[in-house]
Amino acid sequence: MEPSDHDKLRRDLFRHARAMMRRLGSQEAEDAVQETFYRGLKEVGELTGCDHEPRCTRPFDCTTVFPQWASGTLKNVVREAFRQHERQRRLQARLEVRESMDAQCEMSDEEVRQVLEEILVSRNGRGQRQYEAFCLRQLDGLDRTAVAKKMGISPKTVDNLFARAKKKLLDALKHYRDLGDWPGKDQ
Numbered sequence: 001m002e003p004s005d006h007d008k009l010r011r012d013l014f015r016h017a018r019a020m021m022r023r024l025g026s027q028e029a030e031d032a033v034q035e036t037f038y039r040g041l042k043e044v045g046e047l048t049g050c051d052h053e054p055r056c057t058r059p060f061d062c063t064t065v066f067p068q069w070a071s072g073t074l075k076n077v078v079r080e081a082f083r084q085h086e087r088q089r090r091l092q093a094r095l096e097v098r099e100s101m102d103a104q105c106e107m108s109d110e111e112v113r114q115v116l117e118e119i120l121v122s123r124n125g126r127g128q129r130q131y132e133a134f135c136l137r138q139l140d141g142l143d144r145t146a147v148a149k150k151m152g153i154s155p156k157t158v159d160n161l162f163a164r165a166k167k168k169l170l171d172a173l174k175h176y177r178d179l180g181d182w183p184g185k186d187q
């Protein structure tokens with residue numbers, strides 16, 4: 001392929017990529033063309049029919065085979081770019097929703113502890129140890145051995161208390177969800 005043919009093919013591919021990528025912009029189109037040429041250089045052995053030998057001796061019709069291959073490859077590269085762009089857009093939207101929910105649901109540690117105590121501890125005081133084990137482990141960041149030492153119980157008992165506390169919290173969340181009284185229900 002002569003240098004002038006190479007430039008013409010590059011311009012044609014760029015124009016084609018630009019038309020396919022109207023929503024993304026010229027930089028993405030240029031990236032797609034460069035990715036196409038990069039793949040072409042990697043795959044030239046397959047196009048010529050040689051077994052990836054360093055130097056190909058078989059004739060290669062650069063005026064018909066490569067432009068056709070490059071056009072098809074460019075379409076695939078553009079599709080990949082669209083998919084990547086769409087994935088990034090969806091991820092960004094999720095992050096924005098999460099950040100706005102976090103801002104709406106921002107609670108102090110004391111408020112979190114009060115809510116947990118309301119859920120885990122009954123009026124007659126049952127569940128107090130579950131509440132303590134859960135708070136020490138989840139809010140204070142202690143491991144099960146440290147929680148056991150602090151509460152004067154065995155690590156196995158800590159595991160049991162923690163499991164019961166988690167079950168109570170999940171049941172409470174399901175209950176509030178079924179009532180329709182939970183943050184973010186309108187989203």
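Just so we're aligned, residue 1 is where the sequence shown starts under full-length UniProt numbering, counting upward by one. We put the beta carbon where it would ideally sit given N, CA and C, even for glycine. None of these values were measured; they are calculated from a predicted model.
Residue burial annotation: residue 115 is exposed, with fewer than 16 other C-beta atoms found within 10 angstroms of its C-beta.
Under the DSSP assignment, residue 128 falls in the alpha helix (DSSP H) whose first and last residues are 128–134. Comparing alpha-carbon positions, the option among 73, 78, 119 and 158 lying closest to residue 170 turns out to be 119. Counting other Cβ atoms within 10 Å of its Cβ, residue 168 reaches 16 or more and is therefore classed as buried.
With the rule of 3 Cβ pairs closer than 8 Å, the stretch 146–163 does not count as touching the stretch 105–114. Cα atoms of residue 140 and residue 111: separation of roughly 14 Å, rounded to the nearest angstrom. About 7 Å separates the Cβ atoms of residue 66 and residue 40, confirming a contact at the 8 Å cut-off. In the DSSP assignment, residue 119 falls within the unbroken alpha helix (DSSP H) covering 109–120. Residue 125 sits in coil when the DSSP states are folded into three classes, being neither helix nor strand.
Distance from the CA of residue 32 to the CA of residue 8, rounded to the nearest whole angstrom, comes to 16 Å. When C-beta atoms of the stretch 122–136 are compared with those of the stretch 151–160, three or more pairs fall below 8 Å, so the two segments count as touching. A direct Cα-Cα distance of roughly 12 Å separates residue 80 from residue 29.
Residue 17 and residue 97 do not touch by the CB rule: their CB atoms are close to 33 Å apart, not below 8 Å.
In terms of Cβ geometry, residue 137 and residue 121 do not form a close pair [threshold 9 Å]. Annotation: the continuous alpha helix (DSSP H) that includes residue 144 extends over 144–151.
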